[in-house]
Amino acid sequence: MYYVYLLESIIDPSKRYVGFTAKGVDARLDEHNSGKSVHTNKHKPWKCIVSVAFEKKDKAEQFEIYLKHGSGHDFAKKHFW
Numbered sequence: 056m057y058y059v060y061l062l063e064s065i066i067d068p069s070k071r072y073v074g075f076t077a078k079g080v081d082a083r084l085d086e087h088n089s090g091k092s093v094h095t096n097k098h099k100p101w102k103c104i105v106s107v108a109f110e111k112k113d114k115a116e117q118f119e120i121y122l123k124h125g126s127g128h129d130f131a132k133k134h135f136w
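The numbers in the sequence shown follow my numbering, run straight up by one, and end at 136.
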């Protein structure tokens, strides 16, 4: 399975992150919270707001890209944040 996940900083809830993983969301969240990601290191710890599982990698990657841009960003803001 492939996962798209949305994180929110516990310290500063205005800081958000959208990511993709094949490892599983819990394992990836542990990496973010241990400082292994340069993109999220400054605002840790993080909590997972939502994750979506996909059977196909390309569909998950497309959804991640969608959520990070334009109308997908608005969609995430309206439905998940």
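For glycine and all other residues, C-beta sits at the position ideal for the given N, C-alpha and C.
It should be emphasised that the depicted structure is a prediction, and the values quoted were computed from it without experimental measurement.
Using CA coordinates, which residue listed in the options is at the minimum distance from residue i?
i	options	result
I65	G90, H134, R83 and H98	H98
Y72	L122, K133, H134 and S126	L122
E116	L62, P100 and T76	T76
G74	T95, G90, S89 and E110	T95
K78	V59, K70 and N88	V59
Is the closest heavy atom of the ligand COA to the C-beta of residue i under 7 angstroms?
i	result
K97	This structure lacks the ligand COA; in fact it carries no ligand of any kind.
Here's a check: name, in chain order, each residue in its chain whose Cβ is nearer than 6 angstroms to the Cβ of residue i, leaving out the five neighbours to either side.
i	result
M56	A108
L61	V73, I104, V105 and F135
Could you give the first and the last residue of the continuous beta strand (DSSP E) run that contains residue i?
i	result
V59	Y57 to S64
S106	W101 to F109
Here's a check: name, in chain order, each residue in its chain whose Cβ is nearer than 7 angstroms to the Cβ of residue i, leaving out the five neighbours to either side.
i	result
E86	S92
Just reading off the alpha helix (DSSP H) that residue i is part of, what are its end residues?
i	result
V80	V80 to N88
H94	Careful: H94 lies outside any alpha helix (DSSP H) and carries neither H nor E.
In the DSSP output, what is residue i paired with across the bridge?
i	result
V73	L61
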